[in-house]
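Colleague:
Number of protein chains: 2
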Amino acid sequence: MDKKQSDNLIPKNNVGITETKYFTFAEPPNELVLDSGEKLGPITLAYETYGKLNEDKSNAILCEHALSGDAHAAGYHKGDKNPGWWDTMIGPGKAFDTDKNYIICSNVIGGCRGSTGPSSINPKTNKPYGMEFPIITIKDMVNAQRYLIDHLGIKKLLTVVGGSMGGMQTLQWIVSYPDRVCSGIPIATTAKHSSQQIAFNEVERQAVMSDPNWQDGNYYGESAPIRGLAVARMIGHITYMSDKSMAEKFGRRSKENKTIFKFDPDFEVEGYLHYRGDSFVKRFDANTYLYITKALDYFDIAGDKQLYEVFKNVKAELLIIAFKSDWLYPAYQSREIVKACKLAGVDATYCEIDSTYGHDAFLLEIEQETNLIKHFLEHVYSGRKK
Amino acid sequence: MDKKQSDNLIPKNNVGITETKYFTFAEPPNELVLDSGEKLGPITLAYETYGKLNEDKSNAILCEHALSGDAHAAGYHKGDKNPGWWDTMIGPGKAFDTDKNYIICSNVIGGCRGSTGPSSINPKTNKPYGMEFPIITIKDMVNAQRYLIDHLGIKKLLTVVGGSMGGMQTLQWIVSYPDRVCSGIPIATTAKHSSQQIAFNEVERQAVMSDPNWQDGNYYGESAPIRGLAVARMIGHITYMSDKSMAEKFGRRSKENKTIFKFDPDFEVEGYLHYRGDSFVKRFDANTYLYITKALDYFDIAGDKQLYEVFKNVKAELLIIAFKSDWLYPAYQSREIVKACKLAGVDATYCEIDSTYGHDAFLLEIEQETNLIKHFLEHVYSGRKK
Numbered sequence: 008m009d010k011k012q013s014d015n016l017i018p019k020n021n022v023g024i025t026e027t028k029y030f031t032f033a034e035p036p037n038e039l040v041l042d043s044g045e046k047l048g049p050i051t052l053a054y055e056t057y058g059k060l061n062e063d064k065s066n067a068i069l070c071e072h073a074l075s076g077d078a079h080a081a082g083y084h085k086g087d088k089n090p091g092w093w094d095t096m097i098g099p100g101k102a103f104d105t106d107k108n109y110i111i112c113s114n115v116i117g118g119c120r121g122s123t124g125p126s127s128i129n130p131k132t133n134k135p136y137g138m139e140f141p142i143i144t145i146k147d148m149v150n151a152q153r154y155l156i157d158h159l160g161i162k163k164l165l166t167v168v169g170g171s172m173g174g175m176q177t178l179q180w181i182v183s184y185p186d187r188v189c190s191g192i193p194i195a196t197t198a199k200h201s202s203q204q205i206a207f208n209e210v211e212r213q214a215v216m217s218d219p220n221w222q223d224g225n226y227y228g229e230s231a232p233i234r235g236l237a238v239a240r241m242i243g244h245i246t247y248m249s250d251k252s253m254a255e256k257f258g259r260r261s262k263e264n265k266t267i268f269k270f271d272p273d274f275e276v277e278g279y280l281h282y283r284g285d286s287f288v289k290r291f292d293a294n295t296y297l298y299i300t301k302a303l304d305y306f307d308i309a310g311d312k313q314l315y316e317v318f319k320n321v322k323a324e325l326l327i328i329a330f331k332s333d334w335l336y337p338a339y340q341s342r343e344i345v346k347a348c349k350l351a352g353v354d355a356t357y358c359e360i361d362s363t364y365g366h367d368a369f370l371l372e373i374e375q376e377t378n379l380i381k382h383f384l385e386h387v388y389s390g391r392k393k
Numbered sequence: 008m009d010k011k012q013s014d015n016l017i018p019k020n021n022v023g024i025t026e027t028k029y030f031t032f033a034e035p036p037n038e039l040v041l042d043s044g045e046k047l048g049p050i051t052l053a054y055e056t057y058g059k060l061n062e063d064k065s066n067a068i069l070c071e072h073a074l075s076g077d078a079h080a081a082g083y084h085k086g087d088k089n090p091g092w093w094d095t096m097i098g099p100g101k102a103f104d105t106d107k108n109y110i111i112c113s114n115v116i117g118g119c120r121g122s123t124g125p126s127s128i129n130p131k132t133n134k135p136y137g138m139e140f141p142i143i144t145i146k147d148m149v150n151a152q153r154y155l156i157d158h159l160g161i162k163k164l165l166t167v168v169g170g171s172m173g174g175m176q177t178l179q180w181i182v183s184y185p186d187r188v189c190s191g192i193p194i195a196t197t198a199k200h201s202s203q204q205i206a207f208n209e210v211e212r213q214a215v216m217s218d219p220n221w222q223d224g225n226y227y228g229e230s231a232p233i234r235g236l237a238v239a240r241m242i243g244h245i246t247y248m249s250d251k252s253m254a255e256k257f258g259r260r261s262k263e264n265k266t267i268f269k270f271d272p273d274f275e276v277e278g279y280l281h282y283r284g285d286s287f288v289k290r291f292d293a294n295t296y297l298y299i300t301k302a303l304d305y306f307d308i309a310g311d312k313q314l315y316e317v318f319k320n321v322k323a324e325l326l327i328i329a330f331k332s333d334w335l336y337p338a339y340q341s342r343e344i345v346k347a348c349k350l351a352g353v354d355a356t357y358c359e360i361d362s363t364y365g366h367d368a369f370l371l372e373i374e375q376e377t378n379l380i381k382h383f384l385e386h387v388y389s390g391r392k393k
């Protein structure tokens, strides 16, 4: 962090210039045995940290990202105009207060933003993995992060937090490592992917795989399947917004620039989706999109058991947040988590925020989320001191 | 109609063997001036009729199809195993009772099932129109049908009915031709396409146009863009069902046949979408998909006016039906139509059916629709006799 740099540009309550670090499992076990039984290694995780770890290492918060996120959650990378993806929530005095806490954000395995994923070099072939990359699950992502947390010398996390896929990792942490987490904040998420959620992901994968540039995943060094990936992302963006937020933002307004070809976008909402699709493909790998959406679809934390049964060993207390207009991860899925917590005797608080932003609300309803989370963390912190 | 054929196969309350007829505007005006100002002609409409037109031609019902429908609404085509798309609603003793009524179903212009559309031969070039086909609107579809109704010698339709896009045509009929319609039954529809509805259609069009086989629409006689069209249809199918109906039908069940490649579908819901996508491309033209979805997106029956203002000249009485779990054409859009009717003094009855089927409900909630429609039509018929 270097606060002197770009001082004119960076707002005061910001963590300043940040950079991504990399952790590779170099010592044995340098292979991770995956959920599928396959082995993957060595594994590199890209991560960032904000704030300072205190002496007894009791102030660490692990922040988990969603499908298209990365390790860069807060502050500015040198030369960047835009801050990290959850900069509104992480910084001095913010929900995750860098004056008090040490915040870690790690890119997931399978990712394409510095962590080992399908675009990484397979040490066995010296070529990118492509479709040779093994299927990974949310559990695998969490197991890999556990090595990072060990590496940072943290025995117990104050909290694990995340929205959407980040919420699934949060739930997996509290179930897989009950002794290593004081609390969890799953936001706009589910304990298992529904039929409709699988359906959207499958159609998005089909959009990618239908692009002839995909070439069974062997496109590295050649033209990437950017048209297919853009279509996938456009579908995604519809599901991230609500009918109402789209109506409020775009209505039926026409684009300002007159189109030439009759099937060019002529409504504002079309222009927005194109913009989102086109900018996404510049920073994201198509194969990662396939692997991560598949990890989401396989997510069913209870499996053959009842959800409350797998929660019986949970020691963390939970703050569960959902949004009324979120139809991708509807609030009823959060309420199912709450119910299972109550049946299992897990201390859980639930809040359903009355937002119109749809699933995107977890990135936008900053004021309400900040209030809820600050009070929750104070409570968790005071509980630890007793 | 030939009831003797396949008597063993055809259920008793069925209209039997039916065939599609064709009507071409051969006399002047053999060109239709479109909404856009462009001219199109000659125009052929594919249509079917069921039941008999009575002497005073007062028992005719015009049935309008949805995006992927066609003129074959009831009965069986020779050799076919499956009946027309609304066979459950049209036949002896059914909602649209062929013992009493004469039912007409016409394919829309822009279509690919026998009516003039982008796959038809452009008389000016002797080649398929492709992207030379002009942009068409719901109003154009209705204006073309008016020539068919004239041709059949019908001065006034007893009712116009349709679900989804069929409902838009229904609304357009009662607004454009107030003296030619006694009543209308718009089902699961809207008076204008919303931002979210436009967004889904645009992504579906992008899926088609991203397929390199699309070739700017000039694929006739070559490989059609079937992968892109299949993806478009898969997206569509998600929007036709509800979260709940998908959960009830598929849940998280795995497909029975073990997949070979790891990104082949392994959940039942994925297999269903693939099946739907693959079967659709065998019977539907990709360019028609572009033109018809664009017609939907342009649909805004009031334009710059208030909806109640355009309803002021409406003479038909309306039965408006919506479904609680329909999130593609949500019930609030039907309630907006009802409100505008009330403000304009139009006689309107509204029913919101408590179905879990989502948008597909208009094809599936047969019993409730039948009861509502039978009573409504009796009422309309008795009103006419007075």
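Same order as they appear, the protein sequences are chains A and G.
Quick note, the first sequence lines up with residues 8 to 393 if you use our numbering.
Quick note, the second sequence lines up with residues 8 to 393 if you use our numbering.
Ideal Cβ positions, reconstructed from N, Cα and C, are used throughout, including at glycine.
Since residue 111 of chain A sits in a beta bridge, which residues does DSSP pair it with?
Modeller: Taking the first residue of the first sequence as 1, we reach residue 111 of chain A at position 104. DSSP, once it has assigned bridges, lists A:56 and A:69 as partnering residue 111 of chain A.
Colleague: List the residues of chain A that residue 269 of chain G touches, going by C-beta distances under 7 Å, in chain order.
Modeller: In the second sequence, counting from the first residue as 1, residue 269 of chain G sits at position 262. Simply 142.
Colleague: Using a C-beta cutoff of 7 Å, does residue 343 of chain A count as contacting chain G?
Modeller: For the purposes of this step, residue 343 of chain A is taken as the residue at position 336 of the first sequence. Closer than 7 Å: no.
Colleague: Which chain G residues sit within Cβ distance under 9 Å of residue 307 of chain A?
Modeller: As a first step, residue 307 of chain A must be located in the first sequence, where it is residue number 300. Within 9 Å Cβ-Cβ: 259.
Colleague: If you follow the alpha helix (DSSP H) that residue 29 of chain A is part of, which residue opens it and which one closes it?
Modeller: For this step, residue 29 of chain A is matched to residue 22 along the first sequence. That residue, residue 29 of chain A, is in no alpha helix (DSSP H); its beta strand (DSSP E) goes 28-31.
Colleague: Can you check whether the C-beta of residue 230 of chain A is within less than 7 Å of a C-beta belonging to chain G?
Modeller: Here the question's residue 230 of chain A lines up with position 223 in the first sequence. So no, residue 230 of chain A is outside the interface.
Colleague: Label residue 146 of chain G either buried or exposed according to how many other C-beta atoms from any shown protein chain fall within 10 Å of its C-beta, with 16 as the threshold for buried.
Modeller: Here the question's residue 146 of chain G lines up with position 139 in the second sequence. Under this definition residue 146 of chain G is a buried residue.
Colleague: Name the chain G residues that come within less than 7 Å of residue 254 of chain A, Cβ to Cβ?
Modeller: The count along the first sequence starts at 1 and reaches residue 254 of chain A at position 247. Residues of chain G passing the Cβ test: 201 and 202.
Colleague: Please list, in chain order, all residues of the same chain as residue 377 of chain G whose beta carbon is under 6 Å from its beta carbon, the five residues on each side excluded.
Modeller: By one-based count along the second sequence, residue 377 of chain G stands at place 370. Here the set comprises 102.
Colleague: Is the beta carbon of residue 171 of chain G closer than 7 Å to that of residue 151 of chain G?
Modeller: Looking up residue 151 of chain G in the second sequence gives position 144. Looking up residue 171 of chain G in the second sequence gives position 164. Cβ distance not < 7 Å, so residue 151 of chain G and residue 171 of chain G don't count as in contact.
Colleague: How many angstroms separate the CA atom of residue 263 of chain G from the CA atom of residue 274 of chain G?
Modeller: Numbered from its first residue, the second sequence carries residue 263 of chain G at position 256. Numbered from its first residue, the second sequence carries residue 274 of chain G at position 267. Distance between the alpha carbons of residue 263 of chain G and residue 274 of chain G: 9 Å.
Colleague: Measuring only the C-alpha atoms, how far is residue 298 of chain A from residue 44 of chain A?
Modeller: Translated into positions along the first sequence, residue 298 of chain A becomes position 291. Translated into positions along the first sequence, residue 44 of chain A becomes position 37. Approximately 16 Å between the Cα atoms of the pair.
Colleague: Skipping 5 residues on each side, what residues in its chain have a beta carbon closer than 6 Å to that of residue 114 of chain A?
Modeller: For the purposes of this step, residue 114 of chain A is taken as residue 107 along the first sequence, with counting starting at 1. Cβ within range, chain order: 53, 77, 78, 120, 121 and 122.
Colleague: Name the chain A residues whose beta carbon is nearer than 7 Å to that of residue 213 of chain G?
Modeller: Numbered from its first residue, the second sequence carries residue 213 of chain G at position 206. Going along chain A in sequence order, the residues near residue 213 of chain G (Cβ under 7 Å) are 238 and 241.
Colleague: Just to confirm, is the Cβ distance from residue 99 of chain A to residue 20 of chain A under 7 Å?
Modeller: Translated into positions along the first sequence, residue 99 of chain A becomes position 92. Translated into positions along the first sequence, residue 20 of chain A becomes position 13. Taking 7 Å as the Cβ cut-off, residue 99 of chain A and residue 20 of chain A qualify as a contacting pair.
Colleague: Assess contact between the region 85-98 of chain A and the region 138-145 of chain A, defined as three or more Cβ pairs (one per stretch) separated by less than 8 Å. Is contact present?
Modeller: No, they do not touch.
Colleague: Residue 245 of chain G lies in the alpha helix (DSSP H); which residues open and close that run?
Modeller: Start at 1 with the first residue of the second sequence, and residue 245 of chain G comes out as number 238. Per DSSP, residue 245 of chain G belongs to the alpha helix (DSSP H) from 233-247.
Colleague: Do you know offhand how far residue 355 of chain A's Cα is from residue 381 of chain A's?
Modeller: In the first sequence, residue 355 of chain A corresponds to position 348, counting from 1. In the first sequence, residue 381 of chain A corresponds to position 374, counting from 1. Residue 355 of chain A and residue 381 of chain A: Cα-Cα distance of roughly 16 Å.
Colleague: Do you know offhand how far residue 28 of chain G's Cα is from residue 22 of chain G's?
Modeller: Indexing the second sequence from 1 puts residue 28 of chain G at position 21. Indexing the second sequence from 1 puts residue 22 of chain G at position 15. About 16 Å.
Colleague: Which residues bound the beta strand (DSSP E) around residue 190 of chain A?
Modeller: For this step, residue 190 of chain A is matched to residue 183 along the first sequence. It spans 190-194 - the beta strand (DSSP E) in which residue 190 of chain A sits, taken as one unbroken run.
Colleague: Taking only beta-carbon positions, decide if residue 355 of chain A is within less than 7 Å of chain G.
Modeller: Indexing the first sequence from 1 puts residue 355 of chain A at position 348. So no, residue 355 of chain A is outside the interface.
Colleague: Could you pull out every unbroken alpha helix (DSSP H) segment of at least 4 residues lying fully inside the region 157-228 of chain A, listed in chain order?
Modeller: Segments of the alpha helix (DSSP H) lying fully in the region 157-228 of chain A: 172-183 and 202-216.
Colleague: Please identify the residue among A:340, A:363 and A:106 whose C-alpha is closest to the C-alpha of residue 327 of chain A.
Modeller: Your numbering for residue 327 of chain A matches position 320 in the first sequence. Closest by alpha carbon: A:340.
Colleague: Could you check whether the Cβ of residue 283 of chain G sits closer than 7 Å to any Cβ belonging to chain A?
Modeller: Locating residue 283 of chain G in the second sequence gives position 276, counting from the first residue. So no, residue 283 of chain G is outside the interface.
Colleague: Should residue 320 of chain G be labelled buried (16 or more other beta-carbon atoms within 10 Å of its own) or exposed?
Modeller: Mapped onto the second sequence, residue 320 of chain G falls at position 313. Answer is exposed; the Cβ neighbour count stays below 16.
Colleague: Name the chain A residues that come within less than 8 Å of residue 277 of chain G, Cβ to Cβ?
Modeller: On the second sequence, position 270 is the one that residue 277 of chain G refers to. What residue 277 of chain G touches in chain A: 205, 206 and 209.
Colleague: Report the residue from G:187, G:251 and G:67 whose alpha carbon sits nearest the alpha carbon of residue 337 of chain A.
Modeller: For the purposes of this step, residue 337 of chain A is taken as the residue at position 330 of the first sequence. Selected option, being the one with the closest Cα: G:251.
Colleague: Just to make sure I have the definition right: I need the residues of chain G whose C-beta is within less than 9 Å of the C-beta of residue 334 of chain A. Which are they?
Modeller: Position 327 of the first sequence, counted from the start, is the residue given in the question as residue 334 of chain A. Here the neighbours are 250 and 334.
Colleague: Would a check of beta-carbon distances place residue 245 of chain G closer than 7 Å to chain A?
Modeller: The residue given as residue 245 of chain G occupies position 238 in the second sequence. At least one chain A Cβ lies under 7 Å of residue 245 of chain G.
Colleague: Roughly how many angstroms separate the alpha carbons of residue 176 of chain A and residue 213 of chain A, rounded to a whole number?
Modeller: Start at 1 with the first residue of the first sequence, and residue 176 of chain A comes out as number 169. Start at 1 with the first residue of the first sequence, and residue 213 of chain A comes out as number 206. If you take the alpha carbons of residue 176 of chain A and residue 213 of chain A, they lie about 25 Å apart.
Colleague: Starting from the C-beta of residue 10 of chain A, find all residues in its chain whose C-beta is less than 6 Å away, skip the five residues before and the five after it, and write them out in chain order.
Modeller: For the purposes of this step, residue 10 of chain A is taken as residue 3 along the first sequence, with counting starting at 1. The predicted model places residue 10 of chain A with a pLDDT of 45, which falls under 50 and marks its position as unreliable; any figure quoted below should be read in that light. Closer than 6 Å at Cβ, skipping near neighbours: 23.
Colleague: Would you please verify whether the beta carbon of residue 297 of chain G is less than 7 Å from any beta carbon of chain A?
Modeller: Taking the first residue of the second sequence as position 1, residue 297 of chain G is located at position 290. Closer than 7 Å: yes.
Colleague: Check residue 307 of chain A in the structure and name its three-state DSSP category.
Modeller: Reading the first sequence from its first residue, position 300 is the one you call residue 307 of chain A. DSSP places residue 307 of chain A in strand when its eight states are reduced to three.
Colleague: Kindly list, in the order they appear in chain G, the residues whose Cβ is closer than 9 Å to that of residue 148 of chain A.
Modeller: For this step, residue 148 of chain A is matched to residue 141 along the first sequence. Correct list: empty, because the minimum Cβ distance to chain G is about 17 Å.
Colleague: Along chain G, which residues have their Cβ under 9 Å away from the Cβ of residue 337 of chain A?
Modeller: Indexing the first sequence from 1 puts residue 337 of chain A at position 330. Within 9 Å Cβ-Cβ: 250.
Colleague: Where does the unbroken beta strand (DSSP E) through residue 326 of chain G begin, and where does it stop?
Modeller: Counted from its first residue, the second sequence places residue 326 of chain G at position 319. It spans 324-330 - the beta strand (DSSP E) in which residue 326 of chain G sits, taken as one unbroken run.
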